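Visitor: Numbering (our numbering), first residue to last: 12 to 328.
What follows is the structure in structure tokens.
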């Protein structure tokens with residue numbers, strides 16, 4: 012379901028919207044210092060703050076389903092911080108749920124857990140040189156940005172609870188001077204940081220990416236991906252480095268508890284989720300590497316993200 016003016020309002024220039032932008036800039040400072048350094052005027056010029064009526068979204072996406080939890084709370088509204096260049100902002104049913112061992116297609120709640128999707132701004136049609144040179148290959152970032160989702164719930168008594176947020180960022184890279192006349196090599200780093208609020212507990216934090224084909228210029232192929240499998244354990248640094256043609260492009264993040272990895276057959280389609288029950292901030296991160304035909308331009312990407320919280324789990328970690 013597309014996020015249009017019918018189900019959302021633009022609150023960017025309001026007092027509440029400006030506060031959301033400042034919070035957003037602070038939250039992404041570690042992975043996007045250039046965003047954190049922007050003035051209030053620059054943030055307003057680069058991002059929109061949208062307030063979405065989730066009751067109307069669920070009425071259309073899940074007709075006849077109340078979409079409430081065991082305590083009567085329903086996702087009442089979302090606050091989105093979207094780059095002004097982002098397109099195709101929409102809600103869709105969480106495809107990754109079907110790959111979870113606990114997935115039950117009979118449960119109506121599976122249709123209430125909607126992801127927010129969007130496409131990156133167009134980067135144009137550029138190519139890496141396809142002729143050999145004496146220059147050593149290196150990675151060059153050609154695009155990056157962040158997107159945020161804050162979720163609010165209401166109960167049957169009209170009480171509103173700010174439950175969780177997901178601040179998602181990405182960085183797009185190309186390998187320059189790879190010496191290959193047939194292929195270009197691209198990677199995308201996908202990062203999400205989530206937090207619960209007050210009397211809730213964070214239970215999920217996810218970020219996914221998939222190819223987006225506004226025009227078909229060539230077939231992409233998997234080159235590498237990381238992490239390659241699920242992992243559990245105490246908090247520690249975890250690598251998301253991948254090979255991209257002749258070089259390796261590094262990266263790492265702080266892994267805690269459980270990380271679920273969903274890698275698809277379609278080249279470049281992958282998601283990762285932190286899962287647990289925590290009071291505080293948790294993150295997930297992954298990186299994909301694909302090769303793309305020379306003279307086919309840069310690949311286009313679509314992202315999705317989600318977070319969830321338990322509203323009646325006070326007393327747990």
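Where a beta carbon is used, it is the ideal one built from N, C-alpha and C, also for glycine.
Bear in mind that the values here come from a model prediction, so they are computed numbers and not experimental data.
Going along the chain, which residues of its own chain have a beta-carbon closer than 6 Å to the beta-carbon of residue 97, five neighbours each way excluded?
Guide: Within the same chain, residue 97 has close Cβ partners 129.
Visitor: If we count the other Cβ atoms within 10 Å of its Cβ and call it buried at 16 or more, is residue 161 buried or exposed?
Guide: Answer is buried; the Cβ neighbour count reaches 16.
Visitor: So, are the CB atoms of residue 193 and residue 184 less than 9 Å apart?
Guide: Cβ atoms of residue 193 and residue 184: not closer than 9 Å.
Visitor: Considering only C-alpha positions, which residue in the set 21, 258, 280 and 17 is nearest to residue 91?
Guide: The option with the nearest alpha carbon to residue 91 is 21.
Visitor: Look up residue 269 in the DSSP assignment and give the residues it is bridged to.
Guide: In the DSSP output, where bridge partners are listed per residue, residue 269 has 243 and 286.
Visitor: At what residues does the beta strand (DSSP E) containing residue 165 begin and finish?
Guide: Run containing residue 165: 149 to 165, per the beta strand (DSSP E) assignment.
Visitor: Taking only runs of the beta strand (DSSP E) that begin and end inside the region 180 to 219, which ones reach a length of at least 3 residues, in chain order?
Guide: Counting whole runs of 3 or more residues, the region 180 to 219 contains the beta strand (DSSP E) stretches 194 to 207.
Visitor: Going by DSSP, what residue range makes up the alpha helix (DSSP H) through residue 31?
Guide: Where residue 31 is concerned, the enclosing alpha helix (DSSP H) stretches over 26 to 38.
Visitor: Which same chain residues, not among the five before or five after residue 12, have their C-beta less than 7 Å away from its C-beta?
Guide: The answer, listed in chain order, is 68, 71, 72, 101 and 102.
Visitor: Mapping DSSP to helix, strand and coil, what is residue 105?
Guide: In this structure, residue 105 counts as coil in the three-state DSSP scheme.
Visitor: On a CA-only basis, which of 196, 146 and 212 is nearest residue 176? Give me that one, please.
Guide: If we check each option's Cα against that of residue 176, 212 comes out closest.
Visitor: Check whether the Cβ atoms of residue 3 and residue 165 lie closer than 9 Å to each other.
Guide: In this structure the chain extends from 12 to 328, so residue 3 is not present and cannot be described.
Visitor: Could you pull the start and end residues of the beta strand (DSSP E) that residue 302 belongs to?
Guide: Residue 302 -> beta strand (DSSP E) spans 292 to 304.
Visitor: In the DSSP output, which residue or residues are listed as bridge partners for residue 14?
Guide: Residue 14 is not bridged to any residue.
Visitor: By the 10 Å Cβ neighbour count, where 16 or more other Cβ atoms means buried, how is residue 346 classified, buried or exposed?
Guide: Coverage of the chain is limited to positions 12 through 328, which leaves residue 346 absent and any answer about it impossible.
Visitor: Note down the Cα distance separating residue 295 from residue 53, rounded to an integer number of angstroms.
Guide: Taking the straight line joining both Cα atoms gives about 28 Å.
Visitor: From residue 152 to residue 134, what does the alpha carbon distance come to, in whole angstroms?
Guide: So the two alpha carbons sit approximately 11 Å from each other.
Visitor: Applying the 10 Å Cβ sphere with the 16-neighbour rule, what's the burial state of residue 238?
Guide: Residue 238 comes out buried.
Visitor: Can you determine whether any heavy atom of the ligand MG sits closer than 8 Å to the C-beta of residue 320, and answer yes or no?
Guide: Absence of the ligand MG from the depicted structure is noted, as is the absence of any ligand whatsoever, leaving it without description.
Visitor: Return the first residue and the last residue of the beta strand (DSSP E) that residue 61 is part of.
Guide: Its beta strand (DSSP E) spans residues 58 to 64.
Visitor: With a CB to CB cut of under 6 Å and the five nearest residues on each side skipped, what residues in its chain are close to residue 243?
Guide: Once the five neighbours on either side are set aside, the close Cβ partners of residue 243 are 269.
Visitor: By the three-class DSSP mapping on this structure, what secondary structure does residue 94 have?
Guide: Residue 94 falls in the strand class under three-state DSSP.
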